[in-house]
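See structure below.
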Amino acid sequence: MIYVSEEDRKRTALAKEAARAFAGMVGLIPMPCISIMPSVLADFEYDDRANIVMAHWQKKLSLTALIKAVVEFRRDLLLVEPSHVTGKQAGNYITLLLCRDGEVQICTGLWLWLQEPGGPIHLVTNPECGDEMRAFMVDRSGIRPLPTLPWSNAEAERLGFWTARRHWELTIGGHYA
1 MIYVSEEDRK
11 RTALAKEAAR
21 AFAGMVGLIP
31 MPCISIMPSV
41 LADFEYDDRA
51 NIVMAHWQKK
61 LSLTALIKAV
71 VEFRRDLLLV
81 EPSHVTGKQA
91 GNYITLLLCR
101 DGEVQICTGL
111 WLWLQEPGGP
121 IHLVTNPECG
131 DEMRAFMVDR
141 SGIRPLPTLP
151 WSNAEAERLG
161 FWTARRHWEL
171 TIGGHYA
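Residue numbers (the UniProt record's numbering): 1 to 177.
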């Protein structure tokens, strides 16, 4: 049996708020997942036009079950996960489960990158992890890998991560200095 603490419930609620905020930032209109979808998706929302399931962290969530659901449903899944909780705030990152040709590609620890509020939303692998960086664009038509990174220099890279983080935090409803 998995014990779900008050801290776990708080993290789940913050992740759900962050997932809804992200959906709004990219113009998605998610609806509750319907009964014909795999049961592991029951607590999440789905945008039919973009073919994206918007999921959020839950302690009882099984990555294996999510992978099976993505294969069965043949849709992409965007999972918002809080990295830590301090007060009302949580740092968030995203994991993508991309269904491509019946195979699931998993991209973890993605950060938002945004040139300017209202501009295209990009998800980029964490630049601090040392792996080859990958970038994706997310909008109303779905999730698409990009052939190159969305910035031209180190200053634009830094500013884009900062802009995206602040914009997401404000969209969630935080008050940040």
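We put the CB at the ideal spot given by N, CA and C, even for glycine.
Just how far apart, CA to CA, sit residue i and residue j?
i: residue 141; j: residue 50; result: 5 angstroms
i: residue 34; j: residue 153; result: 44 angstroms
i: residue 165; j: residue 60; result: 27 angstroms
i: residue 113; j: residue 100; result: 23 angstroms
i: residue 80; j: residue 6; result: 19 angstroms
i: residue 55; j: residue 83; result: 15 angstroms
i: residue 105; j: residue 155; result: 30 angstroms
i: residue 38; j: residue 70; result: 9 angstroms
i: residue 63; j: residue 151; result: 31 angstroms
i: residue 195; j: residue 131; result: No answer is possible for residue 195: the residues shown for the chain start at 1 and end at 177.
i: residue 144; j: residue 4; result: 35 angstroms
i: residue 119; j: residue 9; result: 33 angstroms
i: residue 98; j: residue 77; result: 6 angstroms
i: residue 168; j: residue 12; result: 17 angstroms
i: residue 176; j: residue 40; result: Confidence is the limiting factor: at residue 176 the pLDDT is only 39, short of 50, which leaves the residue's position unreliable, though a coordinate-based value still follows. Near 34 angstroms, if we compare the C-alpha coordinates of residue 40 and residue 176.
i: residue 121; j: residue 74; result: 23 angstroms
i: residue 172; j: residue 32; result: 19 angstroms
i: residue 26; j: residue 128; result: 25 angstroms
i: residue 19; j: residue 133; result: 23 angstroms
i: residue 53; j: residue 44; result: 7 angstroms
i: residue 158; j: residue 149; result: 13 angstroms
i: residue 65; j: residue 124; result: 25 angstroms
i: residue 92; j: residue 24; result: 16 angstroms
i: residue 236; j: residue 170; result: Because the chain spans 1 through 177 in this model, residue 236 falls outside it and cannot be assessed.
i: residue 14; j: residue 48; result: 24 angstroms
i: residue 22; j: residue 28; result: 9 angstroms
Going by DSSP, name the residue or residues bridged to residue i.
i: residue 93; result: 81
i: residue 180; result: Limits of the chain in this structure are 1 at one end and 177 at the other, which puts residue 180 out of reach.
i: residue 53; result: 46 and 77
Start and end of the alpha helix (DSSP H) containing residue i?
i: residue 26; result: 6–26
CB of residue i to nearest heavy atom of the ligand NAP: below 7 angstroms?
i: residue 169; result: Inclusion of the ligand NAP in the displayed structure is not the case, the ligand content being empty and no account of it being possible.
Problem - Runs of beta strand (DSSP E) lying entirely within the segment 99–163, each at least 3 residues, in chain order - result: 103–114, 121–125, 135–139 and 142–145
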